[in-house]
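> Taking the UniProt record's numbering, I'd label the letters of the sequence shown as residues 1 to 679. Can you read through this structure? Questions will come right after.
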Amino acid sequence: MKQENPLLDISNLPLFSQIKPEHITPALDVVLQDNRAWLDQTLDTETRFTWNNLVAPMNEAGNRLDRMWSPVSHMNAVVNTEELRKAYNDNLSRLSDYHTELGQNAKLYQAMQSVRDSETGLDTAQQKSLDDSLLGFTLSGVALPEAQKERFRAISQELSQLTSRFSDNVLDATNAWTKQILDVNALAGLPESALEMAAQTAKQRDMEGWVITLQFPSYFPVMTYADNRELRAEVYRAYTTRASELGANAEWDNTQVMCDILRLRQEEASLLGYANFAELSLATKMAESPQQVLDFLEDLARKSKAFAKTEFAEIQTFARDQLGLDDVQAWDVGYVSEKMKQARFDFSEEDLKPYFPAARVISGLFTLVEKLFGVRIEQQAGHIDLWHNDVRFYLVYDRSGAVQACFYLDLYARQHKRGGAWMSDFCGRFRRADGVQIPVAFMTCNSSAPVGDKPALFTHDEVVTLFHEFGHGLHHMLTQVDYPDVAGINGVEWDAVELPSQFMENWCWERSVLDMIAAHWETGAAFPEALFQKMQAARHFQTAMATVRQLEFALFDMKLHLDPQAAEPGKVAAIRQAVLEQVAVIKPPAFNRMPNSFTHVFAGGYAAGYYSYKWAEVLSADAFARFEEEGLFDAGVGEAFLKEVLQVGGSRKAMESFVAFRGRKPSADALLRHSGLAV
1 MKQENPLLDI SNLPLFSQIK PEHITPALDV VLQDNRAWLD QTLDTETRFT
51 WNNLVAPMNE AGNRLDRMWS PVSHMNAVVN TEELRKAYND NLSRLSDYHT
101 ELGQNAKLYQ AMQSVRDSET GLDTAQQKSL DDSLLGFTLS GVALPEAQKE
151 RFRAISQELS QLTSRFSDNV LDATNAWTKQ ILDVNALAGL PESALEMAAQ
201 TAKQRDMEGW VITLQFPSYF PVMTYADNRE LRAEVYRAYT TRASELGANA
251 EWDNTQVMCD ILRLRQEEAS LLGYANFAEL SLATKMAESP QQVLDFLEDL
301 ARKSKAFAKT EFAEIQTFAR DQLGLDDVQA WDVGYVSEKM KQARFDFSEE
351 DLKPYFPAAR VISGLFTLVE KLFGVRIEQQ AGHIDLWHND VRFYLVYDRS
401 GAVQACFYLD LYARQHKRGG AWMSDFCGRF RRADGVQIPV AFMTCNSSAP
451 VGDKPALFTH DEVVTLFHEF GHGLHHMLTQ VDYPDVAGIN GVEWDAVELP
501 SQFMENWCWE RSVLDMIAAH WETGAAFPEA LFQKMQAARH FQTAMATVRQ
551 LEFALFDMKL HLDPQAAEPG KVAAIRQAVL EQVAVIKPPA FNRMPNSFTH
601 VFAGGYAAGY YSYKWAEVLS ADAFARFEEE GLFDAGVGEA FLKEVLQVGG
651 SRKAMESFVA FRGRKPSADA LLRHSGLAV
């Protein structure tokens with residue numbers, strides 16, 4: 001069987017086209033059985049534990065499991081089918097069980113502790129890896145009495161199932177809703193590119209006319225450009241009631257799922273001696289306490305809310321005076337803002353799209369990365385097994401010409417693919433007995449796909465998203481750390497993990513970089529200076545409103561996980577309402593059910609951690625400011641960022657890496673300046 005199951009052929013890249021749902025359970029059986037047998041034998045027979053006889057083989061076992069499971073997890077997100085989903089979900093609890101079992105193994109904990117205490121000659125990365133592991137044992141309940149260990153294990157299993165169900169419900173609710181339009185006049189105001197996409201969507205589904213979906217490249221143009229207010233209201237309502245009791249399909253309602261997740265998280269925290277889940281979440285982060293996070297967010301809210309109020313008042317005035325609209329609703333804000341931007345700056349996001357064909361953006365991004373960090377990236381065609389025709393595969397070469405990493409790029413939105421954008425991985429860097437295993441990344445976006453004979457043309461926002469995910473990818477791929485637990489993004493505190501990604505976003509606004517990534521898709525003409533000036537003038541347009549919206553999400557998340565009673569009926573809505581009153585300037589309608597599709601927090605690892613985006617933005621803006629001060633392409637600064645941030649990964653504390661690069665602790669000044677909020 002081992003020969004026939006593609007998930008057990010982990011010596012090379014995954015054989016995506018050969019992986020079937022029926023392979024998943026048998027492959028996991030083999031790997032878990034082998035890993036357990038090795039561990040039992042080692043703990044029973046070894047008398048003195050060392051890095052080489054315990055930690056290194058443990059890393060091998062973990063690596064084998066990761067290489068078997070990561071293609072399954074990835075395919076479940078990007079080519080989701082009913083059969084694959086069932087096999088994936090059926091095995092989640094087994095995986096959770098295995099990890100909890102390891103984390104609660106007292107003999108293993110004592111063996112690891114003895115390596116940390118007695119082995120001399122460990123380098124700092126090995127020491128950090130062991131320290132992280134020992135904390136992980138504590139947070140897995142290794143010290144709990146047996147009955148409580150059992151309960152902890154049951155909670156972990158149930159949470160893995162619930163978070164997956166939350167995500168599935170959002171995907172299904174998003175895919176299920178469509179609106180067919182037979183009269184193009186109902187779509188007045190939509191740019192040509194959005195109309196072409198809607199026509200292509202209809203054709204793909206064997207339908208007449210034009211079809212609107214809730215996938216972001218379809219949803220966004222309707223909310224931004226559609227003159228038909230009733231259509232905007234209908235699409236907004238469908239989008240903001242996804243996976244709720246107000247959605248079309250009751251079986252995808254996440255209301256009870258959220259309560260169950262919150263109840264179990266609170267119970268898990270209580271078992272481990274924490275007052276609430278927020279305290280437990282911060283045990284592995286840079287921030288020292290929930291209060292420190294609240295102070296940070298509320299201070300930013302105080303600095304930006306007055307600006308945001310002014311911005312919203314301008315929207316209301318413009319809507320009344322120019323559009324005859326007296327009551328601006330949530331589904332009007334994007335539309336009115338776009339009209340305002342056009343009036344104020346003679347500029348629309350749509351004006352930029354012809355200059356951002358996908359191929360040009362990607363090659364320009366690679367040129368930038370080569371300039372900054374000395375790596376070369378080339379597409380590898382042929383002989384690579386892919387999960388979809390849209391996917392591309394690339395090799396990353398270091399300065400000596402050796403392959404340092406590789407990655408898959410899956411750019412476009414489609415059915416059966418989860419929304420959003422993310423970087424995940426097949427495997428990380430790992431120095432093994434037979435040589436170095438190179439990192440392999442999956443980079444996933446949901447950008448506008450090619451329409452007809454035209455190439456994919458990106459909005460500037462989609463360009464920024466691609467750069468963001470590529471920053472995560474660089475962090476994963478350029479590491480020089482040899483131990484998987486602290487290589488790349490592994491071992492990096494969660495609230496610092498967005499530093500390289502948000503750092504990369506800054507380059508999308510620089511003229512010299514736009515010259516690399518932008519050229520007219522038909523004529524090849526350079527990005528016009530007049531358009532650049534308009535884009536720069538509009539850069540801070542409504543940034544305060546965007547900031548308070550992020551703060552609203554972050555405060556909601558933190559307060560939700562600070563409240564031990566958050567799982568009680570109606571409490572989620574009450575906490576959200578209190579946060580809206582505290583920071584929001586646009587009050588959403590009563591039917592808005594944003595929490596029901598908030599996958600970052602309920603299914604994506606950002607629980608009591610959504611503040612990380614703003615926290616890391618302080619770090620990333622301040623890091624980029626050094627490039628602004630010393631020269632955007634100064635070789636020494638690029639080398640320092642590579643060496644002190646990207647290459648060291650999680651092998652030391654994030655603050656140490658930041659100070660090593662910047663020469664001091666972070667300051668929020670650059671963030672306020674970049675956001676146009678500096679007084």
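We put the CB at the ideal spot given by N, CA and C, even for glycine.
Classify Glu350: buried if its beta carbon has 16 or more other beta carbons within 10 angstroms, exposed otherwise.
Locating residue 350 in the sequence shown gives position 350, where the first residue counts as 1. It counts as buried.
> Taking 7 Å as the threshold (C-beta atoms), are Leu84 and Pro21 in contact?
Reading the sequence shown from its first residue, position 21 is the one you call residue 21. Reading the sequence shown from its first residue, position 84 is the one you call residue 84. Yes. Within cutoff.
> Near Ser651, what residues of its chain come up, given a Cβ to Cβ distance below 6 Å and the 5 sequence neighbours on each side ignored?
Here residue 651 refers to the residue found at position 651 of the sequence shown. Counting only Cβ-Cβ distances below 6 Å, and skipping sequence neighbours, we find Ala125, Lys128, Val481 and Val486.
> Which residues in the same chain as Leu646 place their Cβ atom closer than 8 Å to its Cβ, once the five residues preceding and following it in sequence are excluded?
On the sequence shown, residue 646 is found 646 positions in, with the first residue counted as 1. Phe373, Leu474, His475, Leu478, Thr479 and Pro500, listed in sequence order.
> Return the chain-ordered ranges of every alpha helix (DSSP H) run that is complete within the segment 549-582 and spans a minimum of 4 residues.
Listed in chain order, nothing qualifies, since the segment 549-582 has no complete alpha helix (DSSP H) run of 4 or more residues.
> With distances taken Cα to Cα, identify the nearest neighbour of Asp44 among Asn59, Gln110, Asn80 and Thr310.
As a first step, residue 44 must be located in the sequence shown, where it is residue number 44. The shortest C-alpha separation from Asp44 is found at Gln110.
> Verify the CB distance criterion: does Ile575 have a CB-CB separation below 7 Å to chain C?
Of the protein chains in this structure there is only one, and it is not chain C.
> Tell me, please, whether the segment 599-610 touches the segment 255-267 by the rule of three or more beta-carbon pairs shorter than 8 Å.
yes
> Below 6 Å CB to CB, which residues in the same chain sit around Ala668 once its five sequence neighbours on both sides are set aside?
Your numbering for residue 668 matches position 668 in the sequence shown. Closer than 6 Å at the Cβ level, and outside the excluded window around Ala668, lie Val618.
> Cutting at 8 Å between CB atoms, please list the residues of its own chain near Val585, excluding the five before and the five after it.
Mapped onto the sequence shown, residue 585 falls at position 585. Contacts found: Lys305, Ala308, Lys309, Glu311, Phe312, Met545 and Val548.
> From Pro357 to Gln536, what distance separates their C-alpha atoms?
Position 357 of the sequence shown holds residue 357. Position 536 of the sequence shown holds residue 536. Approximately 20 Å between the Cα atoms of the pair.
> From the DSSP output, which residues share a beta bridge with Leu395?
The count along the sequence shown starts at 1 and reaches residue 395 at position 395. Note: Leu395 sits in a beta bridge opposite Glu378 and Cys406.
> Going by DSSP, name the residue or residues bridged to Trp210.
Translated into the one-based positions of the sequence shown, residue 210 becomes position 210. In the DSSP output, where bridge partners are listed per residue, Trp210 has Ile181.
> Under 7 Å between the Cβ atoms of Val463 and Val369?
Position 463 of the sequence shown, counted from the start, is the residue given in the question as residue 463. Position 369 of the sequence shown, counted from the start, is the residue given in the question as residue 369. No, the Cβ-Cβ distance between Val463 and Val369 is not below 7 Å.
> With contact counted as at least three CB pairs below 8 Å, one residue from each stretch, are the segment 146-166 and the segment 590-606 in contact?
yes
> What are the uninterrupted segments assigned as alpha helix (DSSP H) that are 4 or more residues long and contained completely in the segment 113-156, given in chain order?
124-139
> So, with DSSP's three-state summary, where would you put Trp422?
Taking the sequence shown and counting its residues from 1, one reaches residue 422 at position 422. In the structure shown, Trp422 sits in a strand (DSSP, three-state: E or B).
> In whole angstroms, what is the alpha-carbon distance linking Gly382 and Tyr408?
Indexing the sequence shown from 1 puts residue 382 at position 382. Indexing the sequence shown from 1 puts residue 408 at position 408. One C-alpha to the other measures close to 13 Å.
> Just verifying my parser: in three-state terms, what is the DSSP assignment at Gly435?
Start at 1 with the first residue of the sequence shown, and residue 435 comes out as number 435. In the structure shown, Gly435 sits in a strand (DSSP, three-state: E or B).
> Please report how far the alpha carbon of Glu378 lies from the alpha carbon of Gly663, in whole angstroms.
Here residue 378 corresponds to residue number 378 of the sequence shown, with the count starting at 1. Here residue 663 corresponds to residue number 663 of the sequence shown, with the count starting at 1. Taking the straight line from one Cα to the other gives about 34 Å.
> Would you mind working out which of Ala343, Phe345, Leu531 and Phe318 sits nearest Val333, comparing C-alpha positions?
In the sequence shown, the residue the question calls residue 333 occupies position 333. The residue with the shortest Cα to Cα distance from Val333 is Phe318.
> Can you round the beta-carbon distance between His520 and Pro354 to whole angstroms, since I take them to be within the 8 Å contact cut?
Here residue 520 is taken as the residue at index 520 of the sequence shown, counted from 1. Here residue 354 is taken as the residue at index 354 of the sequence shown, counted from 1. About 5 Å; that satisfies the 8 Å criterion.
> So for Met1, helix, strand or coil by DSSP?
The residue labelled residue 1 in the question sits at position 1 within the sequence shown. In this prediction, Met1 scores a pLDDT of 41, lower than 50, which makes its location untrustworthy; no coordinate-derived value is stated.
> Here's a check: name, in chain order, each residue in its chain whose Cβ is nearer than 8 Å to the Cβ of Pro455, leaving out the five neighbours to either side.
If you number the sequence shown from 1, residue 455 lands on position 455. So the qualifying residues of the chain are Pro357, Ala358, Ala359 and Trp521.
> Tell me which residue opens and which closes the alpha helix (DSSP H) that Met477 is part of.
Here residue 477 is taken as the residue at index 477 of the sequence shown, counted from 1. Segment His460 to Met477, the alpha helix (DSSP H) holding Met477.
> Could you give the distance in angstroms between the alpha-carbon of Ala173 and the alpha-carbon of Cys508?
On the sequence shown, position 173 is the one that residue 173 refers to. On the sequence shown, position 508 is the one that residue 508 refers to. Taking the straight line from one Cα to the other gives about 33 Å.
> By the 10 Å Cβ neighbour count, where 16 or more other Cβ atoms means buried, how is Ser133 classified, buried or exposed?
Here residue 133 refers to the residue found at position 133 when the sequence shown is read from its first residue. When all chains shown are included, Ser133 counts as buried.
> Note down, one range per segment and in chain order, each alpha helix (DSSP H) of at least 4 residues found wholly within the segment 240-309.
Counting only runs of 4 or more, we get 255-271 and 277-282.
> Counting C-beta neighbours from all protein chains within 10 Å, is the total for Lys86 16 or more, i.e. buried, or is it exposed?
The residue given as residue 86 occupies position 86 in the sequence shown. Under this definition Lys86 is an exposed residue.
> Shortest alpha-carbon distance to Glu158 belongs to which of Leu171, Arg116, Leu214 and Asp97?
Translated into positions along the sequence shown, residue 158 becomes position 158. Closest option to Glu158, Cα to Cα, is Asp97.
> Buried or exposed: Ser597, going by 16 or more other Cβ atoms within 10 Å of its Cβ?
Here residue 597 corresponds to residue number 597 of the sequence shown, with the count starting at 1. With 16 or more other Cβ atoms within 10 Å, it is buried.
> Would you kindly report the start and end of the unbroken beta strand (DSSP E) that includes Phe598?
Along the sequence shown, read from residue 1 onward, the residue named residue 598 stands at position 598. First-last for Phe598: undefined, no H or E at that position.
> Mind checking which residues open and close the beta strand (DSSP E) that includes Thr444?
Here residue 444 refers to the residue found at position 444 of the sequence shown. Start and end: Val440 to Ser447.
> According to DSSP, is Tyr412 helix, strand or coil?
Here residue 412 is taken as the residue at index 412 of the sequence shown, counted from 1. Three-state DSSP puts Tyr412 in a strand.
> Report the rounded CA-to-CA distance for Val222 versus Asn89, giving the unit in angstroms.
The sequence position of residue 222 within the sequence shown is 222, counting from 1. The sequence position of residue 89 within the sequence shown is 89, counting from 1. So the alpha carbons of these two residues sit roughly 35 Å apart.
> Distance check for Val31 and Asp557, CA to CA, integer angstroms please.
As a first step, residue 557 must be located in the sequence shown, where it is residue number 557. As a first step, residue 31 must be located in the sequence shown, where it is residue number 31. The straight-line gap from Cα to Cα measures roughly 36 Å.
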